[in-house]
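Taking the numbering used here, the leading residue of the sequence shown gets 6, the next gets one more, and so forth. C-beta: ideal position from N, C-alpha, C; glycine also. Here the structure is a predicted model, which means the values were calculated and not measured.
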Amino acid sequence: MPKKDNSWAYKGMKLTEAKIKACKNDQQLFKALTAELERQIPIGLREDLEIFVKHIRRIPPGLRAMAATHQLDVSIALDDLGWHFANHHHKPYCEETLWGLKELGARESADIFSASYRLVLPFWDEIGSLISKDFKLFIDWYNDSELEKALAPLNKQMYQLWESLKDYGLMKYWLIYARKYPEKVINIFH
Numbered sequence: 006m007p008k009k010d011n012s013w014a015y016k017g018m019k020l021t022e023a024k025i026k027a028c029k030n031d032q033q034l035f036k037a038l039t040a041e042l043e044r045q046i047p048i049g050l051r052e053d054l055e056i057f058v059k060h061i062r063r064i065p066p067g068l069r070a071m072a073a074t075h076q077l078d079v080s081i082a083l084d085d086l087g088w089h090f091a092n093h094h095h096k097p098y099c100e101e102t103l104w105g106l107k108e109l110g111a112r113e114s115a116d117i118f119s120a121s122y123r124l125v126l127p128f129w130d131e132i133g134s135l136i137s138k139d140f141k142l143f144i145d146w147y148n149d150s151e152l153e154k155a156l157a158p159l160n161k162q163m164y165q166l167w168e169s170l171k172d173y174g175l176m177k178y179w180l181i182y183a184r185k186y187p188e189k190v191i192n193i194f195h
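So this is what it looks like as structure tokens:
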């Protein structure tokens, strides 16, 4: 008998505590969480970080934390922390990412991110100036820069942590959080 796929049950339907608790494995829960994030955060909002940050501050704290940390996971998978701060060059968004890591209980990741952010801040305006002209200017500047060298040990720590979290990277914290605090994933008042 073929396996029953209940992924259809999450698309377009509001996530509830009962649905979270009914997820039998990480894959089902991850699908449910990502479907709820897609339902709550229209794709167009993700392009403007100012609007995105304002919007996610109005959704339940668990989803807010997940939304705020998603791009960091992508950055670690594809690039490094320096690239993350160039690709997402918006201080309120970076502060939201740090808040999200802490909310999710990702303490080690939060510590690494916080230390990286502190290292990037003295270069913030320079990075902003470069990317406003042409992102290639940032690439040329960053390669072998003082910043890249300073971030190297933190990148190594973050990569090792990310790899230790197996299939889901930093999003593994989403799963742990949702199982521990399902009410904070679906309820804005927590």
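DSSP on residue i, reduced to helix/strand/coil?
i: Glu40; result: Going by the sequence as given, residue 40 is Ala instead of Glu. In the structure shown, Ala40 sits in a helix (DSSP, three-state: H, G or I).
i: Gly67; result: helix
i: Leu109; result: coil
i: Asp145; result: helix
i: Lys19; result: coil
i: Asn160; result: helix
i: Leu170; result: coil
i: Asp78; result: helix
i: Arg62; result: coil
i: Ser119; result: helix
i: Ser114; result: helix
If I measure Cβ to Cβ from residue i and keep anything under 8 Å in the same chain, skipping five residues before and after, which residues do I get?
i: Leu124; result: Leu152, Ala155, Leu156, Leu159
i: Leu180; result: Asp31, Leu34, Phe35, Leu38, Tyr173
i: Glu55; result: His95, Pro97
i: Leu84; result: Looking at the sequence provided, one finds Asp at residue 84 rather than Leu. Correct list, in chain order: Asn92.
i: Tyr15; result: In this prediction, Tyr15 has a pLDDT of 43, which is less than 50 and means its spatial position is unreliable; nothing more can be read from the coordinates.
Quick one: give me the first and last residue of the alpha helix (DSSP H) that residue i is part of.
i: Cys28; result: Cys28 -> no alpha helix (DSSP H), and no H or E assigned at all.
i: Asn92; result: 86-92
i: Pro47; result: From DSSP, Pro47 is part of no alpha helix (DSSP H); its letter is neither H nor E.
i: Asp130; result: 129-138
i: Tyr186; result: Premise fails: Tyr186 is in no alpha helix (DSSP H) and is neither H nor E.
Below 7 Å CB to CB, which residues in the same chain sit around residue i once its five sequence neighbours on both sides are set aside?
i: Ser121; result: Leu86, Leu156, Leu159
i: Thr102; result: Ala73, Thr74, Leu77, Phe118
i: Cys28; result: Leu34, Ala37
Taking 6 Å as the limit between beta carbons, can you name the residues of its chain near residue i, skipping five residues before and five after?
i: Ala70; result: Gly105, Glu108, Leu109
i: Ile25; result: Ala183, Pro187
i: Asn192; result: Pro65
What I want to know is whether the C-beta of residue i ends up closer than 8 Å to one or more non-hydrogen atoms of the ligand NAD.
i: Tyr164; result: Only the bare structure without any ligand can be found here, which leaves the ligand NAD out of the picture.
Alpha carbons only, please: which of the options is nearest the one belonging to residue i?
i: Ile64; options: Pro47, Asp53, Val79, Gln76; result: Pro47
i: Asp145; options: Ser169, Cys99, Gln162, Ala91; result: Ala91
i: Tyr147; options: Glu43, Asp139, Met176, Trp88; result: Trp88
i: Lys177; options: Ile61, Gly49, Ala111, Val58; result: Ala111
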